[in-house]
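Residue numbers (numbering that gives the first Met the number 0): 0 to 418.
Structure, as structure tokens:
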Amino acid sequence: MHGFTQYTPTRIIFGKATQKQAGELAKRFGATKVFVVYGGGSVVRSGLLDQVTASLQEAGLDYMTIGGVKPNPRLSFAREAVKKSIEFGTDFVLAVGGGSVIDTSKAVAHGTANPETDIWEFWSKKQTVTKSLPVGVVLTLAAAGSETSDSAVLTNEDTKIKRGLSTDFNRPAFAIMNPELTYTLPKYQVGCGVVDIMMHTLDRYFTQTENNELTDEIAEGLLRTVIRNGAVAIKDSHDYNAMSEIMWAGSLSHNGITGLGAEKDFAVHQLGHELSAKFDIAHGASLSTVWGAWAAYVYDAKPARFAQYARRVWNVEEADDVKAAQEGIKKTVAYFASLDMPTSFSKATEIGLKTDEEVKKMAHGCSYEGTRTIGSFKVCDENDIYEIYKLVFEKLFNCFRWIFCWVIRKFLAEVFLFR
Ligand code: NZQ
Ligand code: ZN
């Protein structure tokens with residue numbers, strides 16, 4: 000186990016009707032003027048926004064609301080929100096929504112506290128965040144884990160670049176988590192959420208570090224729990240127990256605990272961000288699209304690690320490490336498909352990538368024009384990234400080939416058997 004620092008200051012308030020405590024909690028963290036951020040309208044339709052603002056009023060807090068955050072949140076919207084927040088005199092930002100709303104709220108907090116700095120300077124790593132405002136969260140979607148994470152992700156729509164920013168200033172002051180608030184989620188978002196939660200642990204789990212027993216057990220337990228309850232939640236988003244397990248797992252999966260004592264990989268997230276930036280694909284769907292190809296490309300860097308995953312998470316009984324590893328990869332991809340999540344470019348983008356040139360361009364973008372590598376389990380440069388994207392791409396051809404063969408076989412059977 001390597002040395003580590005763990006800092007998770009977020010106060011978590013979990014359970015039914017907890018959204019009614021939003022005002023009191025904000026006040027406890029020094030709020031007087033609260034800037035409330037929400038998304039495309041789900042919280043208006045469900046009545047949650049009214050409940051939250053009523054709670055702010057009861058606590059005697061002045062507030063201003065701003066809606067319209069889109070999934071894969073845009074830099075331009077965040078910049079506009081910063082302007083409004085500065086005019087309002089915000090001293091506390093309250094996010095009511097999922098990861099996109101929370102990340103925009105974090106951007107608003109940094110931008111309001113640093114009015115002289117354009118917020119993209121932080122995301123492009125030209126400036127460091129040294130002060131910010133506190134952010135509170137009322138969570139409506141278990142997925143990104145932003146409610147406790149140190150990260151925030153924005154998309155610069157002019158350059159089609161999606162970037163994450165990690166800083167302790169991104170850790171929210173509190174997170175209100177009522178699983179009932181997720182009942183209104185469309186099935187697709189439940190699926191995206193389950194994949195993302197699994198991926199925050201998987202992107203930490205595949206490591207070259209040995210002897211990290213407790214962290215491994217936590218990660219494997221979390222994965223088994225999410226897999227089991229994800230299968231229930233995808234059929235019934237009103238199952239309180241399943242939605243509770245998933246919601247709690249969402250926070251634990253990305254607050255750092257499932258990777259303590261080991262180096263992080265996060266290659267799959269980087270591969271997925273490039274897809275989301277170029278095609279505006281939902282984050283979870285981008286991850287299910289690339290994971291199988293990434294795993295197939297890297298597992299031989301340490302088959303024993305993938306075999307451990309297969310045996311402990313998927314109950315694979317195969318004694319041979321390589322075969323067990325392959326079985327675990329197959330089961331994971333099949334699970335994503337059972338959630339109706341895409342596992343190929345064509346399914347993720349509807350159009351698919353058409354040319355090899357496009358695949359190369361994606362690899363170039365993901366490697367920041369060839370200036371960085373991704374991952375640590377197997378360090379991947381631009382060429383590796385290209386090979387991984389090609390594997391996802393080739394699955395499409397394999398699929399066409401399989402359909403073609405099936406049609407030919409059927410045709411021949413008709414001709415020769417029924418003549
Ligand atoms: O906008 P509204 O109308 O609210 O609808 C949203 C949105 O369309 C809907 N939704 C959310 N809660 C709902 C609901 N619909 C009905 N009922 C509810 N209770 O779901 C859609 C997706 O919302 P979004 O916030 O985009 O999803 P998610 O939470 O998956 O966040 C994705 C974003 O977070 C980033 C991703 O890259 C992506 O931009 N991530 C942030 C991380 C972090 N800050 O730590 C880490 C992650 O790896 C991830 O990169
Ligand atoms: Zn993620």
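Ideal Cβ positions, reconstructed from N, Cα and C, are used throughout, including at glycine.
Being a predicted model, the structure only gives us computed values, none of them experimental.
For Leu164, the three-state secondary structure derived from DSSP is strand. In chain order, Arg170 place their CB closer than 6 Å to the CB of Pro8, counting only its own chain and leaving out the 5 sequence neighbours on each side. DSSP places Thr257 within a helical segment (H, G or I) once states are collapsed to three.
In the same chain as Thr31, and ignoring 5 residues on each side of it, the C-beta atoms closer than 8 Å to its own belong to Leu60, Asp61, Asp90, Phe91, in chain order. Distances taken from the Cβ of Asp195 to the heavy atoms of the ligand ZN include one shorter than 6 Å. Gly96 carries a strand assignment under DSSP once its states are collapsed to helix, strand and coil.
Distance from the CA of Gln307 to the CA of Ala324, rounded to the nearest whole angstrom, comes to 8 Å. By the Cβ test, the stretch 105–123 is in contact with the stretch 150–157, since at least three Cβ pairs between them sit closer than 8 Å. Around the beta carbon of Gln188, a 10 Å sphere encloses 16 or more other beta carbons of the protein chains shown; the residue is thus reported as buried. Here the alpha carbons of Ala21 and Leu55 stand approximately 7 Å from one another. Excluding residues up to 5 positions away in sequence, Val358, Lys359, Ala362 lie with their Cβ nearer than 7 Å to the Cβ of Tyr385 in the same chain. A direct Cα-to-Cα measurement between Phe376 and Asp264 gives close to 6 Å. In the DSSP assignment, Leu48 falls within the alpha helix (DSSP H) that extends over 47–57.
Look at Gly291 here: in three-state DSSP terms it is helix. In this chain, the alpha helix (DSSP H) harbouring Phe121 covers 119–122. Under DSSP, Arg10 shares a beta bridge with Phe173. Counting other Cβ atoms within 10 Å of its Cβ, Lys161 reaches 16 or more and is therefore classed as buried. Where Lys32 is concerned, there is no enclosing alpha helix (DSSP H), although the beta strand (DSSP E) around it starts and stops at 32–37. In this structure, Met340 sits near Val194, with a CB-CB distance shorter than 7 Å.
Per the DSSP secondary-structure output, Cys379 pairs in a beta bridge with Ile373. Between Gly110 and Val136, the CB-CB gap reaches or exceeds 7 Å. Under the three-state reduction of DSSP output, Thr214 falls in the helix class. About 6 Å separates the beta carbons of Ile328 and Ala295, which is inside the 8 Å limit, making them a contact pair. Annotated three-state conformation of Val128 is coil, per DSSP.
In this structure, the ligand NZQ has a non-hydrogen atom nearer than 6 Å to the beta-carbon of Ser41. Comparing C-alpha distances from Gly229 to each of Ser243, Gly291, Leu286, Glu216 shows the shortest one belongs to Ser243. For Lys234 and Leu338, the gap between their C-alpha atoms comes out near 9 Å. Taken through DSSP and simplified to helix, strand or coil, Phe91 comes out as strand.
The beta carbons of Ala77 and Val134 sit about 13 Å from each other, so the pair does not count as a contact at 8 Å.
Where Asp61 is concerned, the enclosing beta strand (DSSP E) starts and stops at 61–65. Counting only the Cα atoms, Leu274 lies some 13 Å from Ala266. The C-alpha of Thr342 lies about 15 Å from the C-alpha of Gly192. Counting only the Cα atoms, Thr372 lies some 42 Å from His237. Between Ile245 and Ala94, the C-beta spacing is not below 7 Å. Taking the Cα positions, Lys330 is about 7 Å away from Trp313.
Burial check for Glu368: the Cβ neighbour count within 10 Å stays below 16, so the residue is exposed.
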